[in-house]
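The structure under discussion appears below in the form of structure tokens.
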Amino acid sequence: GAVVSQHPSWVICKSGTSVKIECRSLDFQATTMFWYRQFPKQSLMLMATSNEGSKATYEQGVEKDKFLINHASLTLSTLTVTSAHPEDSSFYICSARVEGIREKLFFGSGTQLSVL
Amino acid sequence: AQSVTQLDSHVSVSEGTPVLLRCNYSSSYSPSLFWYVQHPNKGLQLLLKYTSAATLVKGINGFEAEFKKSETSFHLTKPSAHMSDAAEYFCVVMPNTDKLIFGTGTRLQVFP
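Those protein sequence lines, which keep their order, are chains A and B. Sequential numbering from 1 applies to the first sequence in this note's numbering. Sequential numbering from 117 applies to the second sequence in this note's numbering.
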């Protein structure tokens, strides 16, 4: 079956540093990828929609300068948390949509970010 | 506006007994509906999905869900719980857009 690889699975960083999270579709092309954030014991909140070759579409309240998204190829999207602060600590999950099939979504295994 | 409501934040069952996780949705269109499972610190795994075909949908690991338009419900059931079913379950609606709308989740505990 289709696989989405998300890396790293967990990361600890100092406040003020930047962290990059990668999301790769391993065996299919994904023109659209999604980035979610999940707080402990809460649901997933969509942060942004990443479109290959164009700018990401951010949800209301998400700082685009804080959460930089790059979707440079059909199989890779990256989320960079810039100048991370402790309140950015969270579980981040990506998903990738199989091109042309709206309901066919696959999720990465998530990245636990802890900012000290 | 589209939304999804998971009526129980926490469900506890004994191993071998039936599981019922409730979900109601609100959508102006005929939506696609999903159930996902999440084990601790892991990503989401698709259990099953409804996309306007058969109203009774069978998924993996013995789970199934029935789409009831008149009740705007999409409850998840399993005849006999297993210890490995303990996890967080999310009901998700996809309206006519690409975006997924997640419910708040139901934590399933299974006791021996």
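In this text, a Cβ means the ideal position worked out from N, Cα and C, and glycines have one as well.
How many Å lie between A:S77 and A:S15 at the Cα? As a working mapping, residue 77 of chain A is identified with position 77 in the first sequence. As a working mapping, residue 15 of chain A is identified with position 15 in the first sequence. Distance between the alpha carbons of A:S77 and A:S15 is about 24 Å.
For A:T31, return the contacting residues in chain B, with the cut-off set at a CB-CB distance below 7 Å. For the purposes of this step, residue 31 of chain A is taken as the residue at position 31 of the first sequence. Within chain B, no residue comes near A:T31; the closest Cβ sits about 11 Å away, beyond 7 Å.
Below 8 Å between beta carbons is the criterion; list the residues of the stretch 54 to 69 of chain A that meet it against any residue of chain B, in chain order. Answer in chain order: no residues at all.
DSSP-derived helix/strand/coil call for A:S25: Along the first sequence, read from residue 1 onward, the residue named residue 25 of chain A stands at position 25. Under the three-state reduction of DSSP, A:S25 is assigned to strand.
Just to confirm the assignment: which complete beta strand (DSSP E) runs, minimum length 3, are found wholly within the stretch 144 to 174 of chain B? DSSP assignment within the stretch 144 to 174 of chain B yields the following whole beta strand (DSSP E) runs of 3 residues or more, N-terminal first: 148 to 154, 160 to 166, 172 to 174.
Beta-bridge pairing of B:Q225 - partner residues as DSSP gives them: Residue numbering aside, residue 225 of chain B sits at position 109 when the second sequence is read from its first letter. Looking at the DSSP assignment, B:Q225 forms a beta bridge with B:S128.
Cutoff 8 Å: B:L160 Cβ touching any chain A Cβ: Taking the second sequence and counting its residues from 1, one reaches residue 160 of chain B at position 44. With a threshold of 8 Å between beta carbons, B:L160 makes contact with chain A.
Going by C-alpha distance, which of A:Q112, A:M33, A:I69, A:P8 is nearest A:C136? Because chain A in this structure spans residues 1 to 116, residue 136 of chain A falls outside the shown range and cannot be described.
Give me, in chain order, the residues of the same chain whose beta-carbon lies closer than 7 Å to that of A:S83; leave out the 5 immediate sequence neighbours on both sides. Along the first sequence, one-based indexing puts residue 83 of chain A at 83. Taken in chain order, the residues that qualify are G16, S18.
Please check the pair B:F206 and B:L160, which I expect to be a contact at CB under 8 Å, by giving their CB distance rounded to whole angstroms. Reading the second sequence from its first residue, position 90 is the one you call residue 206 of chain B. Reading the second sequence from its first residue, position 44 is the one you call residue 160 of chain B. In this structure, B:F206 and B:L160 form a Cβ contact; the two beta carbons are roughly 7 Å apart against a cut-off of 8 Å.
State the start and end residues of the unbroken beta strand (DSSP E) segment that holds B:K184. Here residue 184 of chain B is taken as the residue at index 68 of the second sequence, counted from 1. From DSSP, the beta strand (DSSP E) with B:K184 extends over 180 to 184.
Verify the CB distance criterion: does B:G175 have a CB-CB separation below 8 Å to chain A? Numbered from its first residue, the second sequence carries residue 175 of chain B at position 59. Look at B:G175: its C-beta is not under 8 Å from any C-beta on chain A.
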